[in-house]
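Protein chains in written order, with this note's numbering: chain X, 4 to 432; chain W, 131 to 531. Let me begin by presenting the structure, written as structure tokens, before commenting on it.
Written as structure tokens, this is what we have:
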């Protein structure tokens, strides 16, 4: 009787933490990203982490491991989408052009079909943000696409009350323009942003002068607190910008206030690639099937990836879901390669480069020992149209399996699959 | 010295545009029989002169020879608004939909086509040589569509057929642009009323006493040609209720119907098959929202399996990207179960048949227009390039894209 009880206590944790037992994926071509592909590789994961990775024969297969023969398949890190609008995200309202205090994490439905659609596309980490209809539409949030019921289950940060859980979404060009209080011109937009940051600097001075004396501390101001995180380099600005001169305006603001920034979309980056490189600023680009739709995107080029790579700029690619669909995120990299980007940099742009831009490269983005066990199993070459994402794994747990009809429908669509409310698309680009 | 050689090269290129051409391909998809390994196409005066395996075709000495890994007929975008809808997306370059009246069959596509529109060159750079474009979806009857080649400085130079179809739309999309119709049923009632009116008009116009004939009415004339079976009615219908309503209308009035969009066609394959109606399928990668929320990547494969003739379209995009590219849409269908040859057929000869121009385009056969696309690999692979586009014997695009 005592023996049986003990056994029961042992079994329960095993069921709860299936990944306690090592999982071995053997025989696939591995793209670690941090180094050259491994023709026939072995990937070992346990406790949600990668514990071994290398060529077959050089990696010890742990005893009691569950071994999956994935010969003929391809394994690469889970994809990192640096710019997405899944989960029916919302940001600031129309009352003002800048909303530093607004947290998108307060308004995301992680059970929305778009989130499973992203898993079907092989995405395991995503920077969810509000739109570009504001100069500053709110705080973005970095999500790990674990299976979960609530936003808390998917956060990277441990506690949103005490930690920074994402970046800050800003935009310039034509999208944020409008009637007052929105700016009517580009110069006005820049002036409004500068004024706001000057206010934050003054707020910081008051805090410094208070010297931790609660009596002298300024009243808490949520907008100012978020901007201080930006000025202190702890919160990265994700800046929507298209035209070459708008890109240069962002670089000018960065120089003035010293914040850390990732340039997003950057339709005309190919015109100022050297200036971007000189500023040491990374770019998260979009690949679209055609230019246009608005004046500032007329000169968008599929060659952007190649041009920025050549200039030495760190390049990530994003979906801007639902501008492009998370299900064909790999395709974006392939089209960048079609237009001259190197396959190595294009795959890095889907993974490790994005991880760097989200300050998460120590945890994700490559198949390296100690990193989170986030990876995808593909039916073939990542850059081929004929390749499907077969499985998506997050921290050692399978979150998408194309062989399961319940999951497959999120990859191919069908009656009722995406009928749980319209996905965000308005002004997203 | 260098400048001189450059001039000579430029001179050769300029003259080559009008030279007689021989195109040799490792794999030649004629779409009139099996693919030919190591095939050759001879082009003379804009028409195809001869097609066959290299050992059977003698290339005359004065023909310029082009080579490619894969050659197909020029692709046909079976439904687009490009040329009426422009790249800027401002009022002044968006002429695909007039919202002053929900029924305007008299609006001609030729009066609104900008042959120099950048998007025309864009789709051409991905192999589209024939474009079915014109009035877009969004009105019960938005106007006429036409067929052009993706070349020329004016619509006259581009034109293949000035009236290809009359474009109609059923479903909630119309309700976004008009106060009435405000429901699906109302739109169908309005379309029926318009067709009944056209029947009466046609009857009265044939009255023996000229004094009893009605004054000419452009819209009624156009719908009369639809009722006569001269011009197909292309009905954009994405969801099952609209698809079934379109089939019902066809049964009632007997016009030639082309089903357009048809996102939920996979739910009513038997009904579409029984009606003998062709489908111009929505872009494979259409966003799953609104009317197309239930679209699947496998609908092309389902249509093929059911034996329903279909073609690919770039459709209408209201924002970004401003157009889609049929080559990409077909590729995604192939990746999701559509056999390669069926996809190539849908992009070429099948589209030509549905649009009534199979005597001129859609396959590489002697006497047809010399419209060809040169690829450096598998046409559907993401990383393959279109390295040459020939329209009626003229090399209109020659950088690898």
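Beta carbons: idealized from backbone N, C-alpha and C, even for Gly.
- Contact with chain W is found for residue 331 of chain X, since one of that chain's Cβ atoms lies less than 8 Å from the residue's Cβ.
- In chain order, 33, 58 place their CB closer than 6 Å to the CB of residue 41 of chain X, counting only its own chain and leaving out the 5 sequence neighbours on each side.
- Per DSSP, reduced to three states, the secondary structure at residue 207 of chain W is strand.
- Annotation: residue 308 of chain W is outside any alpha helix (DSSP H) and is labelled neither H nor E by DSSP.
- By the neighbour-count criterion, in which 16 or more other beta carbons inside 10 Å mark a residue as buried, residue 286 of chain W falls on the exposed side.
- Using a Cβ-Cβ distance cut-off of 8 Å, the region 114-121 of chain X and the region 97-104 of chain X are not in contact, since fewer than three pairs of beta carbons, one from each stretch, lie closer than that value.
- Proximity of the region 162-180 of chain W to the region 415-423 of chain X falls short of the contact definition, fewer than three beta-carbon pairs being nearer than 8 Å.
- Counted as a single uninterrupted DSSP element, the alpha helix (DSSP H) harbouring residue 226 of chain X occupies residues 225-234.
- When the beta-carbon positions are compared, residue 288 of chain X and residue 271 of chain X stay at least 8 Å from each other.
- Contact between residue 261 of chain W and residue 253 of chain W holds: CB atoms are separated by about 7 Å, below the 8 Å threshold.
- In the DSSP assignment, residue 154 of chain W falls within the beta strand (DSSP E) that extends over 151-158.
- Here residue 462 of chain W carries a helix assignment [DSSP, helix/strand/coil].
- Within the region 348-409 of chain X, the alpha helix (DSSP H) runs of at least 4 residues that lie entirely inside it are, in chain order, 355-360.
- For the 8 Å CB-CB criterion, residue 79 of chain X and residue 408 of chain X do not form a contact.
- For residue 371 of chain W and residue 401 of chain W, the gap between their C-alpha atoms comes out near 12 Å.
- Residue pairing from DSSP leaves residue 85 of chain X without any beta-bridge partner.
- Annotated as distal: residue 150 of chain X and residue 394 of chain X, with beta-carbon spacing of 8 Å or more.
- A contact between stretches requires three or more CB pairs, one per stretch, nearer than 8 Å, and the region 368-378 of chain X fails this requirement with the region 488-497 of chain W.
- Boundaries around residue 326 of chain W are those of the alpha helix (DSSP H), 314-335, since no beta strand (DSSP E) includes it.
- With contacts defined as CB atoms closer than 8 Å, residue 273 of chain W and residue 235 of chain W qualify as a contacting pair.
- The beta carbons of residue 198 of chain X and residue 169 of chain X sit no closer together than 8 Å.
- Among the residues of the region 120-141 of chain X, those with a Cβ less than 9 Å away from any Cβ of chain W are 120, in the order of the chain.
- In this structure the region 317-328 of chain X touches the region 340-356 of chain X; the number of beta carbon pairs closer than 8 Å is three or more.
- About 6 Å separates the Cβ atoms of residue 487 of chain W and residue 277 of chain W, confirming a contact at the 8 Å cut-off.
- Taking the Cα of residue 294 of chain X as reference, the smallest distance to any Cα among X:381, X:268, X:206, X:315 is reached at X:268.
- Per DSSP, residue 147 of chain X lies in no alpha helix (DSSP H) segment; the continuous beta strand (DSSP E) that holds it begins and ends at 144-147.
- In summary, residue 443 of chain W is buried, with 16 or more beta-carbon neighbours lying within 10 Å of its beta-carbon over all protein chains present.
- Within 7 Å of the CB of residue 291 of chain X, the CB atoms of chain W belong to 450, 451, in sequence order along the chain.
- Contact annotation: in the region 379-408 of chain X, residues whose CB is within less than 7 Å of a CB in chain W are 386, 387, 388, 389.
- The beta carbon of residue 179 of chain X sits no closer than 8 Å to any beta carbon of chain W.
- Its Cα nearest to that of residue 54 of chain X, the residue X:24 stands out among X:24, X:411, X:81, X:216.
- In this structure, residue 120 of chain X sits away from residue 359 of chain X, with a CB-CB distance that is not shorter than 8 Å.
- For the 8 Å CB-CB criterion, residue 384 of chain W and residue 416 of chain W do not form a contact.
- In terms of Cα proximity to residue 196 of chain X, the closest of X:173, X:76, X:282, X:231 is X:173.
- For residue 175 of chain W, the CB contacts under 8 Å within the same chain, skipping 5 residues up- and downstream, are 150, 523 in chain order.
- Here residue 223 of chain W is near residue 216 of chain W, since their CB atoms are less than 8 Å apart.
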